[in-house]
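Note that the sequence shown ends on residue 373 in my numbering; no numbers are left out. These notes are about the structure you will find just below.
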Amino acid sequence: MQNKSKANPLVVILGTGGTIAGAGDDVGYVAGQVGVPQLVAAVPALKPRALEAEQIAQVDSKDMSHAIWQVLARRVAHHLARPEVAGIVITHGTDTLEETAYFLHRVLAPAKPVVLTAAMRPVTSLQSDGPQNLLDAVTLAAWAGARGVLSVLNGRVHGPVEVRKALPFALDAFSSGEAGPVALIQEGQVRGLRPWPAGDALGLEALATDPAAWPRVGILVSHAGVDGVVVDALVAAGARGLVVEGTGNGTVHAALLEALARAQAVGLPVWRSTRCTGAAVVGAPEGALTSAGDLSPAKARIELMLRLLTSAA
Ligand code: SIN
């Protein structure tokens, strides 16, 4: 797979599993079966490209773990530090792709492109979208000027804060909500729409401890008829922080709010986000709770966990 030159920049592909590496029919397939070299071999247009492949994991991404994230972040950082590497592609499952993207963004905030891609159909399906997504991801990872953690699916390039799986089965499953995509990939050309993502990296040192000991941050949902039982159980289980998925603009049922106040009283940070998809909570309707701003509940959990890990909650 090696063929390096300035006109053919080196891209490293890290495999983690998912439907893009799945086998079977459209619904009854098993994710995470096919290795990265086979995924690359299924895309004839990648044959002349300078590529390296490394298998980090082979999981259905619903089972993504902090331990895999720790290994992945270290391998991404390792390859990014190699001057000859232009960018990195990570093949992933669609179900938690947005979480891995946000995690890598906060830990590494890379100056080179780190591009996650996935598929809604296995390679054995008539509707297989993985090969085109992989080709687009390699194009973007090698694109001069591209930077940051990006996700590319169905010709759209999403930023790590906004990207979200919005539909469970449709091929066009991913959205950046009101913000819209960062760029488009059309016929092998990248068309930028917004600035590339940037930010302050927490650094790999933030991940130095055993992932089994990373702070537990629980997510709970505000809904009709809710009470404080789950909050009290999470506090009793040693949670170090909570994210509440509020209704509408991040509002919270009075019964849940009471339990959350008890958690705050024993020192837990409590953040509020919204069940609504596609946009941030605005203002501070539940004054005592910290707003998660642009972050979905799943990403707010990651942010709060990383802040607790670096003691900046
Ligand atoms: C997964 O997330 O690993 C399975 C579902 C998918 O990739 O579409």
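Quick reminder that beta carbons are idealized off the backbone N, C-alpha and C, glycines included.
Residue environment for residue 205: exposed (fewer than 16 other C-beta atoms within 10 angstroms of its C-beta).
Taken in chain order, the unbroken stretches of beta strand (DSSP E) that lie wholly in the region 277-325 and span 3 residues or more are 277-281, 301-306.
In the structure shown, the three-state DSSP call for residue 176 is strand. Note that the C-beta distance between residue 217 and residue 241 is below 7 Å.
Secondary structure of residue 130 (DSSP, three-state): helix.
Counting along the chain, residue 360 sits inside the alpha helix (DSSP H) bounded by residues 357-369. With respect to the 7 Å criterion, residue 100 and residue 75 are not classified as neighbours on the basis of their beta carbons. Fewer than three Cβ pairs drawn from the region 230-244 and the region 119-139 lie within less than 8 Å of each other, which leaves the two stretches out of contact.
Only residues of its own chain outside the window of five on either side were considered, and among them 294, 299, 302 have a CB closer than 6 Å to the CB of residue 278, listed in chain order. Cβ-Cβ separation between residue 352 and residue 333: approximately 4 Å, consistent with a contact (criterion under 8 Å). Rounded to whole angstroms, the Cβ separation of residue 212 and residue 177 is 5 Å, and the two are in contact under 8 Å.
Cβ contact annotation for residue 191 (same chain, cutoff 6 Å, sequence separation greater than five): 102, 103, in chain order. Pairing residue 244 with residue 219, the inter-Cα distance amounts to about 12 Å.
Fully enclosed alpha helix (DSSP H) runs of no fewer than 4 residues occupy 96-101 of the region 65-113, in order along the chain. Distances from the CB of residue 178 to the heavy atoms of the ligand SIN include at least one below 6 Å. The region 149-167 and the region 68-82 touch, with no fewer than 3 CB-CB distances between them shorter than 8 Å. Going by DSSP, residue 166 is part of the alpha helix (DSSP H) stretching over 157-168. Counting only heavy atoms of the ligand SIN, the residues whose C-beta sits closer than 5 Å to one of them are, along the chain, 78, 79, 91, 120, 121, 153, 154, 155. For residue 170, the closest alpha carbon among the candidates 223, 180, 146 is that of 146. For the set 68, 263, 113, 184, the Cα lying nearest the Cα of residue 82 is the one of 184.
CA-CA distance, residue 179 to residue 115, rounds to 17 Å. DSSP places residue 216 within a strand segment (E or B) once states are collapsed to three. Residue 334: member of the beta strand (DSSP E) spanning 330-334, first to last residue. For residue 129, the CB contacts under 6 Å within the same chain, skipping 5 residues up- and downstream, are 163 in chain order. For residue 248, same chain residues with a beta-carbon under 6 Å away, outside a window of 5 residues either side, are 199 in chain order.
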